[in-house]
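Here is the structure we will look at, set down as C-alpha cells.
Chains as they are written, first to last, in the numbering used here: chain V, 3 to 545; chain D, 143 to 281.
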C-alpha cells in the first residue's frame, strides 16, 4: 500500500497533499482525504473529500472538518473543536476507529470512519495532520439505518416469540408428560358434572379402565353401590364446589369389580372470573396400608381379647375353682370331727360329693370355653336353617315335655364356624326352655341389618353386611339392669341348675365371628337375645 | 343378755352354714343375721332402721348386686359409719382387694379352707385386734 508522504512545501511550511489541484493520484483516490495545518485550517483536500462533504471548502479558511455538522453514532452532535482532526492536532496523536456521522448541506447523512494522523516536517517539527474518511457503505443514510434497525428489531421479536412458543410448548408437553406418567396417583380432570374429560396413566393403572373406555363417563363409576345410593360422589363434588376442596378415604371399585382403598382429593378449578370450570381429582391407592392397618387393628383386638381371657381365667382360678375345693376341705375337716355321728357324717359327705361334682363340671366348662378359639380354617358356609332344625331335634323330648312352641322364619346362610354356631343355637334354646313359663313360646327370626343400624354398633365394620337374629322367649326374664352380667362366666342370676357358663360361651362364639350379642329382658315377661353376625367372610370382602 | 350381732350377706348356703358354725365357736356372745344376696340385705337394712349389727360380712361374688356395690350402698348410710365391714370371699384377686379397701371396708378376709383357721380369724376380727387389711390364711 502506497503511503501518502505529506510535503511541507506549501505556504508557511504547512503540509499540502501533492496533486490536490491537478491530476495527481491522491486527487483521483475514491477515498476522501484532506490535510490541516497546526491551527486546524484546511490546507488541501481531494475530490472524494469534496463529494463526501457535499461542498467545496475554502483552503486556508475552512477549519478541521470542512464546515459540516458531525454526530456520534448515538446521534449527539460533536462540536467541531472536538472532531477527530481537531483532537489529532491538539494532542498530536492519531485518532482512529471512532465512527462519526456527517450531515451534508442537503441534509443527507453519511457514516464515516476517520483516520486523523499528525504530520511532521523534515526537521521533525509538528506541521499539521492529514485525515482519511472511509465511507461505511451499509450505513449510507438514515432510512437505511432505520430500516435496518426495524428489520432487526422485528427479527429479534419474531425469534423471541418463536423461542417462547417453543419453550411454552415444551413446558406444556413436559407438564402433560409429568401428569400422564405419574404412576402412583390417578389424576383425573372432571367437568362440572363429574364427567371424566382427561386422565393419566396412573388412573389407568389404579382403576383398570383404558382411557378410551373411561372418557365421557361419570366418576360415580368408581364407587360402590351403596356409596352411589348414598350420593357420596355428588356430596364430594358439592363439597369441592362449596369449599374448593373435598377429601375422602374409602373403598372404591376397579373395572374388574375388586375393591381398593382410595384416598382422594377433589379440587375445584376456576376461570379468571372465578367461575368453576371443572374439578381435578387425585386418587391414591392405599389398599396395602389400609390392609396393614386393619391387620394391626385385628392383632390389637386379638391381644386385647386374649388378655381379657387371661384375666377371666385368673379370676376363675382365684375364685370359681377355689370355691368347691374349699368346701371339700372344710366339710372333710368337719367329717373328721363328726365321724362317729353317722347322720352328720353322711350330710358332710353329701356336701363333699356335691362340691366335687361342681368342681368337675366347672373344669369341663373352662376347658370347653378355652377351646373355643377363632380358628380360621374351620370357617365354612353354614345354612342356619339346617343348624336350627338339627338343634330343634336335639331338644325334641324336652320341648314336648314342657310343651314349648317354637316359631321361626327363614334364617340366612352365613360364613362361620359350624360347630360353634351349633353350640350358640343350642345354648340359647336350652336357656329359653330352662327359664320358660307356663305356655312357653320361642320365636326365632332374622333380617339384614341396615347400613344405618350398623353404625349403632361401633365394633362392626361398616363395609360389611350383617344378619340380625332375634331369639325371643316369654319366660321368667330378669331385671334389665343385670343385662351385662348374664354374659359373664359363672355369673348366675338364678338358683336354677347350671354352672353359669352357657351365655359366656354364646358371647365368645359371637365374638369369634366378629359379631355382637345383647339381651333385653323384663322380669315375668320374657327375654330377647339379639345376635348380629357377618353374612360374608370378612377377609374375602377386603381382598 | 342381748347378743352381739354379725350381719352376713352371702348367696352361698354352704358358706353361710360354715360361717355360723365358726362364729358359735369363736365367740358365743355373737349371733348371726343372714341375707341371701345384696338386694335382700339392703331391703332388710332399709326396712328395719333400728337394726344395728356390730359387724357386717359381705361376700363378693353374688348375683344382682355384687359385694362391691353392696358395700358402696351400705357405706352411704351414716348409720354404719362405725360398723366394721369385712369382705368375706373366695376371691384373692388383687383388684378386688384394692377396690374394696378404697371403698372403706375394714378387712378383706379370704374364706379359709379349714374350720379351725376360720374360727381363729373370726376371733381376732371380733376382738378388733390390730390386723392387716388383707387376711389370707389359705396360703
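For every residue, glycine included, the Cβ atom is placed at its ideal position computed from N, Cα and C.
Beta-carbon separation (whole angstroms), residue i vs residue j, contact threshold 8 angstroms
{"i": "residue 353/V", "j": "residue 156/D", "result": "6 angstroms"}
{"i": "residue 80/V", "j": "residue 102/V", "result": "7 angstroms"}
{"i": "residue 66/V", "j": "residue 87/V", "result": "5 angstroms"}
{"i": "residue 2/V", "j": "residue 437/V", "result": "Residue 2/V lies beyond the stretch modelled for chain V, which goes from 3 to 545, so this question has no answer here."}
{"i": "residue 278/V", "j": "residue 228/V", "result": "Not confirmed; about 28 angstroms, so no contact."}
{"i": "residue 126/V", "j": "residue 39/V", "result": "Not a contact, Cβ separation roughly 17 angstroms."}
{"i": "residue 181/D", "j": "residue 206/D", "result": "5 angstroms"}
Beta-carbon proximity list for residue i, same chain, < 7 angstroms, skipping 5 on both sides
{"i": "residue 264/D", "result": "164, 165, 168"}
{"i": "residue 278/D", "result": "234, 252"}
{"i": "residue 4/V", "result": "Caution is warranted here: a pLDDT of 40 is assigned to residue 4/V, below 50, making its placement in the model unreliable, and the coordinate value is therefore given only provisionally. Around residue 4/V: no qualifying Cβ."}
{"i": "residue 414/V", "result": "386, 448, 469, 537"}
{"i": "residue 173/D", "result": "145, 147"}
{"i": "residue 261/D", "result": "164, 167, 168"}
Option nearest residue i by Cα separation, candidates the options
{"i": "residue 444/V", "options": "335/V, 261/V, 401/V", "result": "401/V"}
{"i": "residue 275/D", "options": "205/D, 267/D, 250/D, 256/D", "result": "250/D"}
{"i": "residue 548/V", "options": "448/V, 331/V, 347/V", "result": "Residue 548/V is absent from the structure shown; chain V starts at 3 and stops at 545."}
{"i": "residue 42/V", "options": "104/V, 32/V, 120/V", "result": "120/V"}
{"i": "residue 433/V", "options": "235/V, 456/V, 397/V", "result": "397/V"}
{"i": "residue 486/V", "options": "192/V, 244/V, 518/V", "result": "518/V"}
{"i": "residue 1/V", "options": "410/V, 123/V, 73/V", "result": "This structure cannot settle anything about residue 1/V, because the visible part of chain V is limited to 3 through 545."}
{"i": "residue 288/V", "options": "416/V, 305/V, 262/V", "result": "262/V"}
{"i": "residue 381/V", "options": "82/V, 64/V, 511/V", "result": "511/V"}
{"i": "residue 179/D", "options": "196/D, 208/D, 219/D, 144/D", "result": "208/D"}
{"i": "residue 328/V", "options": "258/D, 232/D, 237/D, 273/D", "result": "232/D"}
{"i": "residue 53/V", "options": "39/V, 35/V, 64/V, 45/V", "result": "35/V"}
{"i": "residue 268/D", "options": "196/D, 154/D, 224/D", "result": "196/D"}
{"i": "residue 33/V", "options": "134/V, 417/V, 275/V", "result": "134/V"}
{"i": "residue 331/V", "options": "350/V, 526/V, 179/V, 474/V", "result": "350/V"}
{"i": "residue 552/V", "options": "475/V, 82/V, 414/V", "result": "What is shown of chain V runs 3 to 545, which leaves residue 552/V out entirely."}
{"i": "residue 458/V", "options": "265/V, 40/V, 315/V, 520/V", "result": "520/V"}
{"i": "residue 183/D", "options": "202/D, 149/D, 154/D", "result": "149/D"}
{"i": "residue 523/V", "options": "480/V, 533/V, 532/V", "result": "480/V"}
{"i": "residue 204/V", "options": "181/V, 219/V, 226/V, 214/V", "result": "181/V"}
{"i": "residue 106/V", "options": "122/V, 91/V, 59/V, 124/V", "result": "59/V"}
{"i": "residue 359/V", "options": "220/V, 326/V, 46/V", "result": "326/V"}
{"i": "residue 202/V", "options": "340/V, 183/V, 372/V, 356/V", "result": "183/V"}
Residues near residue i in its chain [Cβ-Cβ closer than 6 angstroms; skip 5 each side]
{"i": "residue 112/V", "result": "104"}
{"i": "residue 222/V", "result": "230, 235"}
{"i": "residue 270/D", "result": "none"}
{"i": "residue 535/V", "result": "416, 469, 515, 517"}
{"i": "residue 264/V", "result": "254, 285"}
{"i": "residue 161/D", "result": "150"}
{"i": "residue 530/V", "result": "472, 474, 522"}
{"i": "residue 203/D", "result": "none"}
{"i": "residue 97/V", "result": "86, 89, 90, 118"}
Close Cβ partners of residue i (< 8 angstroms) along its chain, the five nearest in sequence each way excluded
{"i": "residue 213/D", "result": "200, 227, 229, 242, 245, 246, 247"}
{"i": "residue 64/V", "result": "43, 44"}
{"i": "residue 255/D", "result": "280"}
{"i": "residue 168/V", "result": "none"}
{"i": "residue 200/V", "result": "190, 191, 217"}
{"i": "residue 15/V", "result": "With a pLDDT of 47 at residue 15/V, under the threshold of 50, the modelled position of this residue cannot be trusted; read the value that follows with caution. Cβ neighbours of residue 15/V beyond the five flanking positions: 123, 129."}
{"i": "residue 25/V", "result": "Since pLDDT at residue 25/V reaches only 48, below the 50 mark, its modelled position is unreliable, and the value read off the structure follows with that caveat. The answer is none, since no qualifying residue turns up."}
{"i": "residue 272/D", "result": "none"}
{"i": "residue 452/V", "result": "none"}
Proximity test, residue i beta-carbon vs the ligand COA heavy atom, cut-off 7 angstroms
{"i": "residue 163/D", "result": "Among the components modelled here there is no ligand, and therefore nothing to report on the ligand COA."}
Mind checking the region 249-263 of chain D against chain V and listing, in chain order, the residues whose C-beta falls within less than 7 angstroms of any C-beta there? 253, 255, 256, 257
Just checking, does the region 410-428 of chain V make contact with the region 507-518 of chain V on the three C-beta pairs under 8 angstroms criterion? yes
Is the region 174-193 of chain V touching the region 278-296 of chain V in the sense that three or more CB pairs, one from each, lie closer than 8 angstroms? yes
Using a beta-carbon distance cut-off of less than 8 angstroms, what residues from the region 172-193 of chain D approach chain V? none
Using a Cβ-Cβ cut-off of less than 9 angstroms, list which residues of the region 330-345 of chain V approach chain D; keep chain order. 330, 331, 332, 333, 335, 336, 339
Do three or more CB pairs link the region 227-243 of chain D to the region 175-194 of chain D at distances below 8 angstroms? no
When the Cβ atoms of the region 205-213 of chain V are set against those of the region 247-259 of chain V, are three or more pairs found closer than 8 angstroms? yes
Listed from N- to C-terminal order along the chain, which residues in the region 216-233 of chain D have their beta-carbon within a distance smaller than 9 angstroms of any beta-carbon of chain V? 231, 232, 233
Along the region 347-374 of chain V, where does the CB come closer than 7 angstroms to a CB of chain D? Name the residues. 353
Just checking, does the region 192-199 of chain V make contact with the region 161-175 of chain V on the three C-beta pairs under 8 angstroms criterion? no
Using a beta-carbon distance cut-off of less than 8 angstroms, what residues from the region 473-484 of chain V approach chain D? Listed by position, the residues of the region 473-484 of chain V near chain D (Cβ gap below 8 angstroms) are 481, 484.
With 8 angstroms as the C-beta to C-beta threshold (strictly closer), list the residues of the region 305-318 of chain V near chain D in chain order. 316, 317
Looking at chain V, which residues of the region 197-211 of chain D have a Cβ within less than 7 angstroms of any of its Cβ atoms? 203, 205, 206
Please name the residues in the region 145-167 of chain D whose beta-carbon is closer than 7 angstroms to at least one beta-carbon of chain V, in chain order. 156, 160
Positions along the region 524-538 of chain V whose CB lies within less than 8 angstroms of some CB in chain D: none
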